[in-house]
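K.L.:
Residue numbers (this note's numbering): 625 to 737.
Structure below; questions to follow.
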């Protein structure tokens, strides 16, 4: 007898797991534009899972739980990378603001008389 096909919910968890792993790779490679594109798909799929039925098979439920646990671990890794990136952006903005203030104070961009 052939093994039963995975439920639609299990397939969605597997897709979500693949997406979050791809998001981690994008974040690790500083490919934040691609990360954001993947994030939109991730959000859509996660929203769909909220109303998805719980798989009837115990094995499928257990696999969904494993996938969810892995998704949460990967999400924590992504958050660390995103926080680091955000810190870098904040430092760059602060540096730009300081340079702008110095330029204003010393008139580096003022027109010669």
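Each residue gets a CB set at the ideal place from its N, CA and C atoms; glycine is no exception.
No experiment lies behind these values; they were computed from the predicted model shown.
1. Report the option in 719, 718, 643 whose CA atom is closest to the CA atom of residue 670.
2. Which residue from 712, 632, 667, 679 puts its Cα closest to that of residue 695?
3. How many angstroms separate the CA atom of residue 627 from the CA atom of residue 638?
4. In whole angstroms, give me the CA-to-CA distance for residue 664 and residue 725.
5. At which residues does the alpha helix (DSSP H) containing residue 672 begin and terminate?
P.N.:
Working from what's here:
1. Residue 670 sits at position 46 when you count from the first residue of the chain shown. For the set 719, 718, 643, the Cα lying nearest the Cα of residue 670 is the one of 643.
2. For this step, residue 695 is matched to residue 71 along the chain shown. The shortest Cα separation from residue 695 among 712, 632, 667, 679 belongs to 667.
3. Counting from one through the chain shown, the residue named residue 627 turns up at place 3. Counting from one through the chain shown, the residue named residue 638 turns up at place 14. Caution applies to residue 627, whose pLDDT of 48 falls short of 50 and renders its modelled position unreliable; the value that the coordinates give is listed next. Rounded to the nearest angstrom, the two C-alpha atoms are 18 Å apart.
4. What you label residue 664 is simply residue 40 of the chain shown in a count that begins at 1. What you label residue 725 is simply residue 101 of the chain shown in a count that begins at 1. Each residue's alpha carbon lies about 37 Å from the other.
5. Taking the first residue of the chain shown as 1, we reach residue 672 at position 48. Run containing residue 672: 656-674, per the alpha helix (DSSP H) assignment.
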